[in-house]
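Reading through the structure tokens given below for one structure.
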Amino acid sequence: MADHQARRPKPPKRSEGERPKGVRQAAAPKPKREPRQPTPPFTPTPEQVAAIEQHYLEVARDGEFDGIRAQIAKDLSLPKSTVKKVVYALRQRQEIPSWWDLQPYHGSPEDLERIRAAYMPLLPKPPVGVHKQLAAHLNLPAGTVYQAIKVLRAEMNLPQYNPPEEAEPAVEAP
Numbered sequence: 007m008a009d010h011q012a013r014r015p016k017p018p019k020r021s022e023g024e025r026p027k028g029v030r031q032a033a034a035p036k037p038k039r040e041p042r043q044p045t046p047p048f049t050p051t052p053e054q055v056a057a058i059e060q061h062y063l064e065v066a067r068d069g070e071f072d073g074i075r076a077q078i079a080k081d082l083s084l085p086k087s088t089v090k091k092v093v094y095a096l097r098q099r100q101e102i103p104s105w106w107d108l109q110p111y112h113g114s115p116e117d118l119e120r121i122r123a124a125y126m127p128l129l130p131k132p133p134v135g136v137h138k139q140l141a142a143h144l145n146l147p148a149g150t151v152y153q154a155i156k157v158l159r160a161e162m163n164l165p166q167y168n169p170p171e172e173a174e175p176a177v178e179a180p
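In this text, residue positions in the sequence shown follow my numbering: the first is 7, and each later residue adds one.
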């Protein structure tokens, strides 16, 4: 045999039942698990509902703001979804407008005129989501366009939005 050819060492002899390294043994079948039962949705107690409503009215006294529901949920150690439902019901019952609906238009007068020019041809029944379509077309934030449309509709003595059953289906931006 030449020096450049190395000899492979012989593998060590194994006793019966011993397996070589790197060879896995067949896994034992896993026992069947019972399917998990879904946890029932959280239902607040009347005391918790009262606490959410009281906390909301206290915190929102100076005006509602983005994140108020998350803050209440954290303060009271309750699920945010529960707080949202309770606050929504309270606002409906007491006819409290949303902070979003109360936001004034913060855009420039030039942008308002651009939005007016694009929005007016779509009346009397603009498509659903028109603010997003116009925002993309005019390269403006959707929230700014939404608030501008609210101002324009108020100027024309129109309701803030058309009833859903009367709305036109959504279409592509012009």
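Backbone N, C-alpha and C fix where the C-beta goes; we use that ideal spot for every residue, glycine too.
When the Cα atoms are used, what is the spatial distance from residue i to residue j?
i	j	result
residue 53	residue 60	10 Å
residue 94	residue 100	10 Å
residue 126	residue 155	10 Å
residue 123	residue 50	48 Å
residue 140	residue 162	19 Å
residue 132	residue 168	8 Å
residue 136	residue 40	49 Å
residue 180	residue 142	Because the pLDDT at residue 180 is just 46, under 50, the model does not fix this residue reliably, and the point stays unresolved.
residue 76	residue 70	12 Å
residue 85	residue 68	24 Å
residue 48	residue 90	13 Å
residue 79	residue 43	26 Å
residue 148	residue 35	55 Å
residue 113	residue 157	11 Å
residue 82	residue 57	8 Å
residue 19	residue 13	18 Å
Count the other CB atoms within 10 Å of the CB of residue i; is the residue buried (16 or more) or exposed (fewer)?
i	result
residue 153	buried
residue 165	exposed
residue 150	buried
residue 88	buried
residue 120	buried
residue 129	exposed
residue 63	exposed
Since residue i sits in a beta bridge, which residues does DSSP pair it with?
i	result
residue 52	According to DSSP, which records beta bridges pairwise, residue 52 is partnered with nothing at all.
residue 261	This structure cannot settle anything about residue 261, because the visible part of the chain is limited to 7 through 180.
residue 130	Paired residues: none, contrary to the question.
Tell me which same chain residues have a C-beta within less than 8 Å of the C-beta of residue i, skipping the five on either side of it?
i	result
residue 97	103, 104
residue 160	166
For residue i and residue j, which I take to be in contact (beta-carbon distance under 8 Å), what is that distance rounded to the nearest angstrom?
i	j	result
residue 92	residue 55	5 Å
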